[in-house]
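**Student:** Mapping of the sequence shown onto the numbering used here: residues 196 to 733, in sequence order. C-beta: ideal position from N, C-alpha, C; glycine also. Fair warning: this is a prediction, and the values are worked out from it, not measured in the lab. There's a structure below that I have some questions on.
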Amino acid sequence: MAFHSSLLLSQILLLFFISSPSWTSATYPIQQTFFRCLSTNSVNSVPLWSYYTPNNVTAFTSVLNSTANNLRYLLPTAPKPMIIFTPLSEVHVQAAVLCSRRLRLALRVRSGGHDYEAVSYVSQIESPFVVLDLSQLRAIEVDIPQGTAWAQAGATTGEVYYQIAQKSKVHGFPMGLCTSLGVGGHITGGAYGSMMRKFGLGVDNVVDVRMVDAKGRILDRKAMGEDLFWALRGGGGGSFGIILAWKLKLVNVPETVTVFTVTKTLEQGATEVLYKWQNIAPNLDDRLFIRVIIQASSADLTANRTVTTSYNALFLGDSDTLLGIMGKGFPELGLTRADCVETSWLGSVLYIGGYPKTTPPEVLLQGKPLFRNYFKAKSDFVRTPIPVEGLLGLWKIYFEEEVPFMIWNPYGGAMARVPESATPFPHRRGTLFKIQYVATWQDGTQSMARHMSWISKLYDYMGSYVSKNPREAYVNYRDLDLGMNKKGVNSLMEAGSWGFRYFKSNFYRLVQVKTRVDPDNFFRHEQSIPSLHVKKWN
Ligand SMILES: Cc1cc2nc3c(=O)[nH]c(=O)nc-3n(C[C@H](O)[C@H](O)[C@H](O)COP(=O)(O)OP(=O)(O)OC[C@H]3O[C@@H](n4cnc5c(N)ncnc54)[C@H](O)[C@@H]3O)c2cc1C
């Protein structure tokens, strides 16, 4: 009874607060108004949730930092949210949308916190802003007879892999190689992994979704219609609504798979082998994924350094079959039986994820990244092999940086069979491989300008060897150098500067969907899809 009367009181107060905004902000902190609004809008849900404000510095900082992957965006100068709200139920997410909207608060959504430019927890264009952190919504239900799984947005890729493997040794799901990504943000951008040549991307294997839209409604695939369901599968996070959970169609994996890593230095003919790899890797058996991790042998600029190219691979089959394929298709790598490690599919997840050999799979349940750095990254797609002279020039730039890092991921196979417009992710047929460039450092702002300038130089150099018109980029490797929404202004022209690179002509359809489902541009960030109805934000 007492509960009901206090609820009624809070509802009356809320109406009062919301109907007189100037009085509200002058007399009561906006945080309080927001919390009251949440209470009122969560009446039928579990009553508890967690929220954090800068008033309690220790708890606030700990939650903010908990999944934030790029330390560059945790520097004291990075804008901080006014509130971090951690919902415990779907109703809380609906309440957060309704209340942010009513109180005109900008809302950022975070699942796993791996956004390269931190748009899930930092706003460079609006203040104040609220972070909705979905890390407590991480339930996973695997249904082997149906061959599907539901995974809530805050679940990590590693947790999903672990739970699938608990139920079956012959099922898996093709998404990220890194095991701490949140499926909420990861799948919205495409989600590639070591089974992409056989099964395509995460988005190619998603069959349903639950999402909260800009009106606070929960929609599934049927309720939202195919257009919005299309946009969610690759159109990038934070533009259309809040993903609560994805329904994944599991894929069949063999009980035994094989992994290997073979490294070649410049002295061991790395340049020539890499030149060959460019044409070979995208045309090998679909079950074989051989990426190349390219580093410097030492971080000491004055040392006698070389470039190391590590061929890090998964084959969905046994080592005998693999050796046969490699002997015919890629003998230049010189793969031997001793290099091959036979394991389970979950074992391959740990191996490719970089965990030491004896790590128990339960490490995946911690949902924690293996590394955290200050970093800046960029991406490219390559359609014609880079000539040897191009690679030699690349090594020269490599030697100017302490910890240069690139990963080259082969395409072809299933990636080339999915039409460019089937999902917003357009980098399909004709793509040989994708490059990710990364500069990392550990000393905060001290050396930051130097590393940022190095990666720009590297990117400029590579311009003549990669895709053109547009120079394509991967939306999940968000790069704000490609352009960003200006404070308060919605410009289609501006958004085109990154939109066409991430989505090619699918960008037009994404804008149409956005304009229909979120005409007021409630879901927005530095690189969100613009609505044609809004020129100026509120
Ligand atoms: C170390 C590392 C390894 C990576 N490895 C891979 C890889 O192997 N394959 C690959 O494809 N990518 C990889 N990525 C990129 C990764 O897919 C993206 O950074 C992805 O956006 C991360 O999702 P998240 O939920 O962890 O991030 P978040 O920072 O939480 O979110 C990313 C974006 O999605 C939005 N978003 C988050 N949750 C939701 C939601 N529930 N509903 C709607 N929008 C939401 C955010 O607002 C933000 O725009 C890697 C990134 C890192 C840092």
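Excluding sequence positions up to five away, which residues of its chain have a Cβ less than 8 Å from the Cβ of residue 381?
**Tutor:** 306, 307, 309, 352, 370, 371, 397 and 671.
**Student:** Is residue 314 closer than 9 Å to residue 720 when the C-beta atoms are compared?
**Tutor:** Yes, the pair counts as a contact, with Cβ atoms nearer than the cut-off.
**Student:** Between residue 465 and residue 504, how many whole angstroms is the CB-CB distance? I'm expecting something under 8 Å.
**Tutor:** That belief holds up - the Cβ atoms of residue 465 and residue 504 are roughly 4 Å apart, short of 8 Å.
**Student:** For residue 644, I'd like the list of residues in its chain whose CB is within less than 7 Å of its CB, leaving aside the five on either flank, ordered along the chain.
**Tutor:** Contacts found: none.
**Student:** What span of residues does the beta strand (DSSP E) with residue 406 cover, start to end?
**Tutor:** It spans 401-407 - the beta strand (DSSP E) in which residue 406 sits, taken as one unbroken run.
**Student:** Examine ligand 1 and report whether any of its heavy atoms sits within less than 8 Å of the Cβ of residue 488.
**Tutor:** It does not: the Cβ of residue 488 is nowhere closer than 8 Å to a heavy atom of ligand 1.
**Student:** Consult DSSP for residue 367 and reduce its assignment to one of helix, strand or coil.
**Tutor:** Looking at residue 367 - three-state DSSP - the assignment turns out to be strand.
**Student:** Which residues bound the beta strand (DSSP E) around residue 263?
**Tutor:** From DSSP, residue 263 is part of no beta strand (DSSP E); its letter is neither H nor E.
**Student:** Give, in chain order, every unbroken run of the beta strand (DSSP E) that is at least 3 residues long and sits entirely within the segment 503-556.
**Tutor:** 536-538, all fully within the segment 503-556.
**Student:** Going by DSSP, name the residue or residues bridged to residue 486.
**Tutor:** The partner list for residue 486 (beta bridge, DSSP) reads 507.
**Student:** Given 8 Å as the limit, tell me if residue 754 has its C-beta closer than that to any heavy atom belonging to ligand 1.
**Tutor:** Coverage of the chain is limited to positions 196 through 733, which leaves residue 754 absent and any answer about it impossible.
**Student:** Taking Cβ to Cβ, would you say residue 438 is nearer than 9 Å to residue 432?
**Tutor:** Yes, the pair counts as a contact, with Cβ atoms nearer than the cut-off.
**Student:** Between residue 330 and residue 261, how many whole angstroms is the CB-CB distance? I'm expecting something under 8 Å.
**Tutor:** At roughly 7 Å, the Cβ-Cβ gap stays under 8 Å, so residue 330 and residue 261 are in contact.
**Student:** Could you tell me the alpha carbon to alpha carbon distance between residue 359 and residue 641, rounded to whole angstroms?
**Tutor:** Straight-line Cα distance between these residues: approximately 44 Å.
**Student:** For ligand 1, is there a heavy atom less than 8 Å away from the beta-carbon of residue 376?
**Tutor:** Checking every heavy atom of ligand 1 against the Cβ of residue 376, one is found closer than 8 Å.
**Student:** Distance check for residue 716 and residue 523, CA to CA, integer angstroms please.
**Tutor:** If you take the alpha carbons of residue 523 and residue 716, they lie about 54 Å apart.
**Student:** For chain B, is any of its Cβ atoms less than 9 Å away from the one on residue 235?
**Tutor:** Of the chains in the structure shown, none is chain B; there is only one protein chain.
**Student:** Terminal residues of the continuous alpha helix (DSSP H) containing residue 655?
**Tutor:** It spans 643-657 - the alpha helix (DSSP H) in which residue 655 sits, taken as one unbroken run.
**Student:** Assign residue 610 to buried or exposed, taking buried as 16 or more other Cβ atoms, counted over all protein chains shown, within 10 Å of its Cβ.
**Tutor:** With 16 or more other Cβ atoms within 10 Å, it is buried.
**Student:** Would you kindly check if the distance between the Cβ of residue 593 and the Cβ of residue 653 is under 9 Å?
**Tutor:** Yes, the pair counts as a contact, with Cβ atoms nearer than the cut-off.
**Student:** Can you give me the Cβ contacts of residue 561 inside the same chain, cut-off strictly under 7 Å, excluding the 5 residues immediately before and after it?
**Tutor:** Cβ neighbours of residue 561 beyond the five flanking positions: none.
**Student:** Are the beta-carbon atoms belonging to residue 485 and residue 499 less than 9 Å from one another?
**Tutor:** No.
**Student:** Run the proximity test for residue 754: is its beta-carbon closer than 8 Å to any non-hydrogen atom belonging to ligand 1?
**Tutor:** Shown here, the chain extends from 196 to 733; a query on residue 754 therefore has no answer.
**Student:** With H, G and I counted as helix, E and B as strand and the rest as coil, what does DSSP make of residue 717?
**Tutor:** The answer is coil: DSSP assigns residue 717 none of H, G, I, E or B.
**Student:** Determine the direct distance from the alpha carbon of residue 534 to that of residue 480, and round the result to whole angstroms.
**Tutor:** Going by the C-alpha atoms only, they are around 19 Å apart.
**Student:** If distances are taken between C-alpha atoms only, which option among 460, 585, 248 and 300 comes closest to residue 278?
**Tutor:** For residue 278, the nearest C-alpha among the options comes from 248.
**Student:** Quick one: give me the first and last residue of the beta strand (DSSP E) that residue 629 is part of.
**Tutor:** Counting along the chain, the beta strand (DSSP E) containing residue 629 begins and ends at 628-636.
**Student:** With a threshold of 8 Å on Cβ separation, who are the neighbours of residue 636 within its own chain once the five nearest residues in sequence on each side are excluded?
**Tutor:** Cβ within range, chain order: 568, 569, 570, 597, 598, 642, 643 and 646.
**Student:** How would you label residue 221, buried or exposed, when you count the other beta carbons within 10 angstroms and need 16 or more for buried?
**Tutor:** Confidence is the limiting factor: at residue 221 the pLDDT is only 44, short of 50, which leaves the residue's position unreliable, though a coordinate-based value still follows. That one is exposed.
**Student:** Can you grab the Cα-Cα spacing for the pair residue 364 / residue 347, in whole Å?
**Tutor:** Their backbone Cα atoms lie some 22 Å apart in a straight line.
**Student:** Taking residue 303 as part of the beta strand (DSSP E), name the residues at either end of that continuous run.
**Tutor:** Here the beta strand (DSSP E) through residue 303 covers 301-305.
**Student:** Between residue 502 and residue 488, how many whole angstroms is the CB-CB distance? I'm expecting something under 8 Å.
**Tutor:** With a Cβ gap of about 11 Å, residue 502 and residue 488 do not count as contacting.
**Student:** Once you ignore the five residues that flank residue 607 on each side, which residues in its own chain have a CB closer than 7 Å to its CB?
**Tutor:** Answer for residue 607: 392, 477 and 478, listed in chain order.
**Student:** Please tell me whether residue 510 and residue 541 are closer than 9 Å, where the distance is taken between their beta carbons.
**Tutor:** No, these two residues do not count as a Cβ contact at 9 Å.
**Student:** Can you give me the C-alpha to C-alpha distance between residue 537 and residue 457, rounded to a whole angstrom?
**Tutor:** Distance between the alpha carbons of residue 537 and residue 457: 15 Å.
**Student:** So, for residue 362: in the same chain, excluding its five sequence neighbours on each side, which residues have a beta-carbon less than 8 Å away from its beta-carbon?
**Tutor:** For residue 362, where only same-chain residues beyond five positions count, the Cβ hits under 8 Å are 337 and 339.
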